[in-house]
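Since the structure comes first, as structure tokens, the remarks are kept for the end.
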Amino acid sequence: MPNSFALPKNYISMLDEVYKLASVTADLTTNDTLVRQGTNVDEVVYPHLSVTGLGDYDRNSGYTDGSVSLEWKTTRCNYDRGTKIQVDAMDNQESFNLAFGAVGAALQREKVAPEADAFTFSQICATDGITSLQETLATGAQFLESLLTAKTKMDEDEVPEENRILYVTPTLLNSVMALDTTKSREALAAFTVKKSVPQSRFYTAIDLLDGKTSGEEAGFFKKADDAAEINFMIVHKPAIIKYDKHIASAVISPDQNQSADAYMSKYRKYGLVDVYANKTAGIYVSHK
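Count along the sequence shown from 1, then add 34; that gives the number in this note's numbering.
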């Protein structure tokens, strides 16, 4: 039997690596131990913890009784996307086995990662209770002042500095770095992680194209008509649930492909992006 599986297995490894390098929201992925399967197949549950505060201590009766509440909140997966691509066996062979690998890598880098990031940002922006401010930031100095305002707001709301992630457009990040002042360096140093986000995936809302209806055959996403471009976003990681319940990345060789003499790659991502209802203070968004 010809060795037809080694090449596809190598491609899967390549695709996984490309996705990790291309995504800017991978840092927000939730630990699997914090999420469980819900009663229904499209549901997941996550813990919501709250405790009562201190009471007066009585020297006769001792401590006042406190309580702790650990509830498992139920939510539904809100992202289910996929595609399959084929490369003719001869096209692949005549390109010295590079065609299929290049197509798969391009899919991950140019489509999967940007869409996953854009969806994450748009879902966060759609959450009630977060801080969302409309403003124009034309210079590095304006961005710096806005960033310090955001930091102060989160400090006053007692959001821990640890695990705060700054997402910002390359234009604004470079503008504040160009100031090269003690103030600008200290402002950026306050964030655990700083991520430069291309404006093309940084919107308050997006439309996911279905890949089937007229005008949407190419799939992918676009900026929603009522959306705004995001300047920057600060996310306290523990405030986010970003859970990939199921990722299917399969490669089928031509001898197993029943519909064509071609390599086929199937990719599907099914999961959830949400914000904890009691941690909305951990989100700050500045948009145009």
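For glycine and all other residues, C-beta sits at the position ideal for the given N, C-alpha and C.
Quick caveat, the model's predicted, so the values are computed rather than measured.
- Per DSSP, reduced to three states, the secondary structure at Lys-187 is helical.
- Contact between Thr-64 and Ile-275 holds, with the beta-carbon distance rounding to 5 Å and staying under 8 Å.
- Runs of the alpha helix (DSSP H) spanning 4 or more residues and lying entirely within the segment 189-228 occur at 204-213, 216-223, in chain order.
- Judged by DSSP secondary structure, Ser-156 falls within the alpha helix (DSSP H) whose first and last residues are 147-159.
- Straight-line spacing of the CA atoms in Ser-234 and Ala-282 works out to 26 Å.
- The segment 175-194 and the segment 240-257 do not touch, with fewer than 3 CB-CB distances between them shorter than 8 Å.
- With distances taken between CA atoms, Pro-148 lies nearest to Pro-232 out of Ala-175, Ala-239, Pro-232, Val-69.
- Between Tyr-301 and Ile-268, the CB-CB gap reaches or exceeds 7 Å.
- With fewer than 16 other Cβ atoms from the protein chains shown falling within 10 Å of its own Cβ, Tyr-91 counts as exposed.
- Of the residues assessed, Asp-66 falls on the exposed side of the cut-off, its CB having fewer than 16 other CB atoms within 10 angstroms.
- Around the beta carbon of Met-211, a 10 Å sphere encloses fewer than 16 other beta carbons of the protein chains shown; the residue is thus reported as exposed.
- Within a 10 Å sphere around the beta-carbon of Met-298 sit 16 or more other beta-carbons, which makes this residue buried.
- Under DSSP, the beta-bridge partners assigned to Asp-122 are Ala-296.
- Within its own chain, the residues whose Cβ lies closer than 7 Å to the Cβ of Lys-107, once the five positions on either side in sequence are excluded, are Val-79, Tyr-80, His-82, listed in chain order.
- In the three-state reduction of the DSSP assignment, Thr-314 falls in the helix class.
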